[in-house]
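K.L.:
Same order as they appear, the protein sequences are chains A and B. Once you know that position 133 of the first sequence is 195 in our numbering, the rest is easy, because the numbers rise by one and skip nothing. Once you know that position 102 of the second sequence is 370 in our numbering, the rest is easy, because the numbers rise by one and skip nothing.
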Amino acid sequence: MPLLELREIHKTYHLGGETIRALDGVSLDIDSGEFISIIGPSGSGKSTLMHIIGCLDSPTSGTISLDDVMIHNASARQLASIRNKKIGFVFQFFNLLPKLTVRQNVELPMIYSGLSSKERKQRAMHALESVDMEDRSKHRPSQLSGGQQQRTAIARALVNDPKIIFADEPTGNLDTNTGEKILQMFDKLHTEGRTVMLVTHDPEIAAVTPRRIEIRDGKIANEVDPKLSGQIPRFSANSVTSK
Amino acid sequence: MNLLAVIASGFREIGAHWFRSSLTMFGVICGVASLITMAAFVKGKENLLRESLAESGGLERITIESEDDLPDYQKHLEDEIRGITLKDVYALKNNAPLVYNVTPIVKKMSFRSDLKITRKGKSTRFTLLQGTWPEALDIMEHEIEHGRMFTEIDDYFANNVCVIGTEIRNALFGEYDENGETIIPINENIFINYKPFKVVGMFKEYMTEEDRKKKEEAKKNNESINPADRWSRFRFSDSNSQRTMRVYGSKNSTVLLPLNTLVSKLDSSFESGSEMDRSLSELSMKVKDVSLLEKSLQQVRNVLLRTHNGLEDFEFETQEAFSEDITLAIYNERTSGMFIAGICLLVGGIGIVNIMLSSISERVREIGIRKSIGATNLDVFTQIITESIVLAVSGGIIGLAISPVLIDTLASYAPDTTPPIMTATWMIIGFSFSVITGSLAGLIPAIKAAKLDPIEALRYD
Numbered sequence: 063m064p065l066l067e068l069r070e071i072h073k074t075y076h077l078g079g080e081t082i083r084a085l086d087g088v089s090l091d092i093d094s095g096e097f098i099s100i101i102g103p104s105g106s107g108k109s110t111l112m113h114i115i116g117c118l119d120s121p122t123s124g125t126i127s128l129d130d131v132m133i134h135n136a137s138a139r140q141l142a143s144i145r146n147k148k149i150g151f152v153f154q155f156f157n158l159l160p161k162l163t164v165r166q167n168v169e170l171p172m173i174y175s176g177l178s179s180k181e182r183k184q185r186a187m188h189a190l191e192s193v194d195m196e197d198r199s200k201h202r203p204s205q206l207s208g209g210q211q212q213r214t215a216i217a218r219a220l221v222n223d224p225k226i227i228f229a230d231e232p233t234g235n236l237d238t239n240t241g242e243k244i245l246q247m248f249d250k251l252h253t254e255g256r257t258v259m260l261v262t263h264d265p266e267i268a269a270v271t272p273r274r275i276e277i278r279d280g281k282i283a284n285e286v287d288p289k290l291s292g293q294i295p296r297f298s299a300n301s302v303t304s305k
Numbered sequence: 269m270n271l272l273a274v275i276a277s278g279f280r281e282i283g284a285h286w287f288r289s290s291l292t293m294f295g296v297i298c299g300v301a302s303l304i305t306m307a308a309f310v311k312g313k314e315n316l317l318r319e320s321l322a323e324s325g326g327l328e329r330i331t332i333e334s335e336d337d338l339p340d341y342q343k344h345l346e347d348e349i350r351g352i353t354l355k356d357v358y359a360l361k362n363n364a365p366l367v368y369n370v371t372p373i374v375k376k377m378s379f380r381s382d383l384k385i386t387r388k389g390k391s392t393r394f395t396l397l398q399g400t401w402p403e404a405l406d407i408m409e410h411e412i413e414h415g416r417m418f419t420e421i422d423d424y425f426a427n428n429v430c431v432i433g434t435e436i437r438n439a440l441f442g443e444y445d446e447n448g449e450t451i452i453p454i455n456e457n458i459f460i461n462y463k464p465f466k467v468v469g470m471f472k473e474y475m476t477e478e479d480r481k482k483k484e485e486a487k488k489n490n491e492s493i494n495p496a497d498r499w500s501r502f503r504f505s506d507s508n509s510q511r512t513m514r515v516y517g518s519k520n521s522t523v524l525l526p527l528n529t530l531v532s533k534l535d536s537s538f539e540s541g542s543e544m545d546r547s548l549s550e551l552s553m554k555v556k557d558v559s560l561l562e563k564s565l566q567q568v569r570n571v572l573l574r575t576h577n578g579l580e581d582f583e584f585e586t587q588e589a590f591s592e593d594i595t596l597a598i599y600n601e602r603t604s605g606m607f608i609a610g611i612c613l614l615v616g617g618i619g620i621v622n623i624m625l626s627s628i629s630e631r632v633r634e635i636g637i638r639k640s641i642g643a644t645n646l647d648v649f650t651q652i653i654t655e656s657i658v659l660a661v662s663g664g665i666i667g668l669a670i671s672p673v674l675i676d677t678l679a680s681y682a683p684d685t686t687p688p689i690m691t692a693t694w695m696i697i698g699f700s701f702s703v704i705t706g707s708l709a710g711l712i713p714a715i716k717a718a719k720l721d722p723i724e725a726l727r728y729d
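#1: Indicate whether at least one CB of chain B lies closer than 9 Å to the CB of G234 of chain A.
#2: Can you tell me the Cα-Cα spacing of G116 of chain A and G663 of chain B, whole angstroms?
#3: At a CB-CB cut-off below 8 Å, which residues of chain A make contact with E634 of chain B?
#4: Verify the CB distance criterion: does H113 of chain A have a CB-CB separation below 9 Å to chain B?
#5: For D279 of chain A and D86 of chain A, which I take to be in contact (beta-carbon distance under 8 Å), what is that distance rounded to the nearest angstrom?
#6: Beta-carbon of G116 of chain A versus every beta-carbon of chain B: anything under 9 Å?
#7: In chain order, what residues of the same chain lie with their CB nearer than 8 Å to the CB of E580 of chain B, ignoring the 5 residues before and after it?
#8: Restricting to Cα atoms, I'd like to know which of A:K225, A:I226, A:A268 is closest to Q246 of chain A.
#9: Are L271 of chain B and T705 of chain B close, meaning C-beta to C-beta below 9 Å?
#10: Per the contact definition of three or more C-beta pairs closer than 8 Å, is the segment 285-294 of chain B in contact with the segment 562-569 of chain B?
#11: In chain A, which residues lie with their C-beta within 8 Å of the C-beta of G278 of chain B?
#12: Can you check which of these residues, A:R218, A:H72, A:K108, A:T240, is closest to H134 of chain A by C-alpha distance?
#13: Does any residue of chain A bring its CB to less than 9 Å from the CB of G642 of chain B?
#14: For a quick check, are the C-beta atoms of I144 of chain A and L170 of chain A less than 9 Å apart?
#15: For V286 of chain A, I'd like the list of residues in its chain whose CB is within less than 6 Å of its CB, leaving aside the five on either flank, ordered along the chain.
#16: May I ask you to check if the CB of I452 of chain B is nearer than 8 Å to at least one heavy atom of the ligand NAP?
#17: For A496 of chain B, does the count of other Cβ atoms within 10 angstroms reach 16, so buried, or fall short, so exposed?
#18: Reducing DSSP to helix, strand and coil, say where H72 of chain A ends up.
#19: Would you mind giving the Cβ-Cβ distance between V88 of chain A and I282 of chain A, rounded to the nearest angstrom? I have them listed as a contact below 8 Å.
#20: In the DSSP output, which residue or residues are listed as bridge partners for E580 of chain B?
#21: Applying a beta-carbon distance threshold of less than 8 Å, which residues of chain B neighbour R218 of chain A?
#22: Indicate whether at least one CB of chain A lies closer than 9 Å to the CB of I723 of chain B.
#23: Taking Cβ positions only, does L190 of chain A come closer than 9 Å to chain B?
#24: I'd like the span of the alpha helix (DSSP H) that includes T693 of chain B, first residue to last.
#25: Answer yes or no: does any C-beta atom of chain B fall closer than 9 Å to that of D223 of chain A?
#26: Give a yes or no on whether the C-beta atoms belonging to L548 of chain B and I373 of chain B are separated by under 9 Å.
#27: Where do the N-terminal and C-terminal ends of the beta strand (DSSP E) with H263 of chain A fall, by residue?
#28: Whose CA, out of A:A138, A:E254, A:N157, lies closest to the CA of S192 of chain A?
#29: Relative to the C-alpha of T331 of chain B, which candidate in B:G312, B:L316, B:L345, B:V357 has its C-alpha closest?
#30: Taking C-beta pairs closer than 8 Å, name the residues in chain A that A273 of chain B reaches, listed in chain order.
#31: Counting only C-beta atoms, is K73 of chain A closer than 9 Å to chain B at any point?
#32: Going along chain A, which residues have a C-beta under 8 Å from L659 of chain B?
#33: Would you mind sorting T371 of chain B into buried or exposed? The rule is 16 or more other CB atoms within 10 Å of its CB.
#34: Identify, in the order they occur along the chain, each residue of the same chain with its Cβ nearer than 8 Å to the Cβ of I454 of chain B, setting aside the five sequence neighbours on each side.
#35: Who are the neighbours of L291 of chain B on chain A, taking C-beta pairs under 8 Å?
#36: Nearest to L405 of chain B by alpha carbon, out of B:L524, B:N363, B:K313, B:L726?
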């Protein structure tokens, strides 16, 4: 049983009388521990796909199961709980709360899962250690560099020990060097056994992942999967970004 | 989600925009402070009025006066009117078990020229001279501080004795001697219509608790209070306050004599005839049980109709009307005060709605982030409404804290009003109102925030 199972996912929007098919019959299986990227130009539907898998949105039709839970018809409350416990998000613009310190930002998901403040603090510091940010725990996001902010965001995504981590253009707002380090960090998470999904428009960034799915016009246009082809096009992060 | 963490985040949010928050709180501060201040002033007034009600005999006292105007069907019997007489007193004593201490009173007031109270060239300005029985002490709620009340023996022999109020002492003897000691004129003579009367007792000085404190304060500082000043704060007040002033003022200006003494030695107009036919100004009594007031009045009326041969030439005066007046006046003041405080709180509440709406539109992205990491709609709702309540409650607490200052300030600018009294009940009510205002004001912004779509919110700049 795969970790994530999508069957015939459709998503249509109605904008001013016009119907937009953002996703048009996407079926996909993702196993636990995979490192996968979703590629596609803007407007291709990759973000919609990530939102649906990430429980931020529901499909118009089709079924999804995440960790044996059917999420396509879950209530808003159940979705919030799944986002909290099973999913970690890393965004292009970091999306840290500016008024909170680094540690408080990392503690945020645990506040919604109802952990005691002592446990929150402990786990937040642990997560910060794993991204080498423990000495910045009292800083505010505005006092950090982009890379440090993104590492904080990664710590926040990790802190509830999610089943899958989504990274939406995680290097989009970083310079090349920093971006490379962030990608290395994802690679490290993958080697530690976590499931990571990168969403990007940049094929070169996508190249760090063994499995790559290209979305075009709401459909899976192309897929590179080492399991299917037998080849192992495993790129290291270095080989991609250091051109 | 942890409530403490939510409240802490509410305080953080207020702290982050402290200037904006304090402006917003101002409405609630005003509302709560004005509510408590209003309640304190009304309570002060109520207490004063209730005090004076008790001083004038309380609800138990019934007074019966002569009534010259007969009901229409008895108009032709007007010649038969004899008024209230001693006969009525004895009839009631024997036949009306629901009342006690039936006491005859003959009143004379010094502003009638036929009454002069003098001593060594000094005279009183206003005197309420009453001839009565010793029971009057209880009926009129008098308390003897020095000496004694006259007795039935004094009445029987029509002795020239009297008991006086402190204002009479002040007018005839002065209040303090040269050593600053209070003058107690027991066994001194005063002259009523140039006839000597021995002062056998003096009442305590009747005044409100507030005035008593002021007087003690002044005495400590060796200042003297002009008696005229003592009542000055009632000058511009309403009729209920004037009533209070009359109650205290006339009690202090009372001279009580035995009924027989007054009638036989001072009342030249008194007709000869049976003692029983002596005409009285009024007769007073107390009911044994206030809850049986109606029945007691009926009983008294039945007895009097018999002694008056069926003529209704008397009328009842109870303190019930006064009590109702007090209740109504207090109700009116409280209602209007609450209306004003309510408007303040409403304006404060609208201020909070406004600021919360602008605050959430600034924080759309934050709400999106919170939702993306697992905040439910309820969590977001709770957060926003808690912020609103924290804002209002902080305002409420500040309002509570400044209301004593506000009350003192207002009281010092308006010395004519009765002293305000702050009560815990109204502090709790004021505080509760701030909580309610905060919850109501937070409702719309909180619903709006909870309904935000997380994807839209995350895209928001």
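Idealized CB from N, CA, C, for every residue including glycine. Everything numeric in this text was worked out from a predicted model, so none of it was measured.
P.N.:
The relevant details are as follows:
#1: Here residue 234 of chain A is taken as the residue at index 172 of the first sequence, counted from 1. Cβ-Cβ to chain B under 9 Å: no for G234 of chain A.
#2: The count along the first sequence starts at 1 and reaches residue 116 of chain A at position 54. The count along the second sequence starts at 1 and reaches residue 663 of chain B at position 395. Taking the straight line from one Cα to the other gives about 41 Å.
#3: Sequence index remark: in the second sequence, residue 634 of chain B carries index 366 (1-based). What E634 of chain B touches in chain A: L159.
#4: Residue 113 of chain A sits at position 51 when you count from the first residue of the first sequence. With 9 Å as the cut-off, H113 of chain A counts as an interface residue toward chain B.
#5: The residue labelled residue 279 of chain A in the question sits at position 217 within the first sequence. The residue labelled residue 86 of chain A in the question sits at position 24 within the first sequence. 7 Å between Cβ atoms; contact.
#6: Numbered from 1 along the first sequence, position 54 holds the residue referred to as residue 116 of chain A. G116 of chain A counts as touching chain B.
#7: Looking up residue 580 of chain B in the second sequence gives position 312. Around E580 of chain B: E335, L338, P339, Q342, L573.
#8: The residue labelled residue 246 of chain A in the question sits at position 184 within the first sequence. The shortest C-alpha separation from Q246 of chain A is found at A:A268.
#9: By one-based count along the second sequence, residue 271 of chain B stands at place 3. By one-based count along the second sequence, residue 705 of chain B stands at place 437. No, the Cβ-Cβ distance between L271 of chain B and T705 of chain B is not below 9 Å.
#10: no
#11: Reading the second sequence from its first residue, position 10 is the one you call residue 278 of chain B. Those within 8 Å of G278 of chain B in chain A number zero; the least Cβ separation is about 12 Å.
#12: Position 72 of the first sequence, counted from the start, is the residue given in the question as residue 134 of chain A. With distances taken between Cα atoms, H134 of chain A lies closest to A:H72.
#13: What you label residue 642 of chain B is simply residue 374 of the second sequence in a count that begins at 1. It does; some Cβ of chain A falls within 9 Å.
#14: Mapped onto the first sequence, residue 144 of chain A falls at position 82. Mapped onto the first sequence, residue 170 of chain A falls at position 108. Not a contact, by the Cβ cut-off of 9 Å.
#15: Within the first sequence, residue 286 of chain A is the residue found at index 224, counting from 1. Closer than 6 Å at Cβ, skipping near neighbours: R274.
#16: You won't find the ligand NAP in this model; it holds no ligand whatsoever.
#17: As a first step, residue 496 of chain B is located in the second sequence; it is residue number 228 there, counting from the start. With a pLDDT of only 47 at A496 of chain B, under the threshold of 50, the placement of this residue in the model should not be trusted; the figure read from the coordinates follows. Exposed, because fewer than 16 other Cβ atoms sit within 10 Å of the Cβ of A496 of chain B.
#18: One-based indexing of the first sequence puts residue 72 of chain A at position 10. Reduced to three states, the DSSP call for H72 of chain A is strand.
#19: For the purposes of this step, residue 88 of chain A is taken as the residue at position 26 of the first sequence. For the purposes of this step, residue 282 of chain A is taken as the residue at position 220 of the first sequence. The pair is a contact, with the Cβ atoms about 6 Å apart (cut-off 8 Å).
#20: Within the second sequence, residue 580 of chain B is the residue found at index 312, counting from 1. Answer by DSSP bridge pairing: none, since E580 of chain B is not bridged.
#21: As a working note, residue 218 of chain A is residue 156 in the first sequence. Simply I641.
#22: In the second sequence, residue 723 of chain B corresponds to position 455, counting from 1. Output row for I723 of chain B: interface = yes.
#23: In the first sequence, counting from the first residue as 1, residue 190 of chain A sits at position 128. Answer no: the Cβ-Cβ gap between L190 of chain A and chain B never drops below 9 Å.
#24: Looking up residue 693 of chain B in the second sequence gives position 425. 692-718 is the span of the alpha helix (DSSP H), which, as asked, contains T693 of chain B.
#25: The sequence position of residue 223 of chain A within the first sequence is 161, counting from 1. No, no contact with chain B.
#26: Position 280 of the second sequence, counted from the first residue, corresponds to residue 548 of chain B. Position 105 of the second sequence, counted from the first residue, corresponds to residue 373 of chain B. The answer is yes: Cβ separation under 9 Å.
#27: For this step, residue 263 of chain A is matched to residue 201 along the first sequence. H263 of chain A -> no beta strand (DSSP E), and no H or E assigned at all.
#28: Residue 192 of chain A sits at position 130 when you count from the first residue of the first sequence. Residue A:E254 is the option with its Cα nearest to S192 of chain A.
#29: Locating residue 331 of chain B in the second sequence gives position 63, where the first residue counts as 1. Cα-wise, what sits closest to T331 of chain B is B:V357.
#30: If you number the second sequence from 1, residue 273 of chain B lands on position 5. I173, S179, listed in chain order.
#31: Your numbering for residue 73 of chain A matches position 11 in the first sequence. Closer than 9 Å: no.
#32: Here residue 659 of chain B is taken as the residue at index 391 of the second sequence, counted from 1. Within chain A, no residue comes near L659 of chain B; the closest Cβ sits about 16 Å away, beyond 8 Å.
#33: By one-based count along the second sequence, residue 371 of chain B stands at place 103. Under this definition T371 of chain B is a buried residue.
#34: Reading the second sequence from its first residue, position 186 is the one you call residue 454 of chain B. Excluding positions up to five away in sequence, the list reads H414, G415, V467, V468, G469, M470.
#35: Within the second sequence, numbered from 1, the residue matching residue 291 of chain B stands at position 23. The contacting residues do not exist; L291 of chain B stays about 20 Å from chain A at best.
#36: Taking the first residue of the second sequence as 1, we reach residue 405 of chain B at position 137. Here the closest residue by C-alpha is B:L524.
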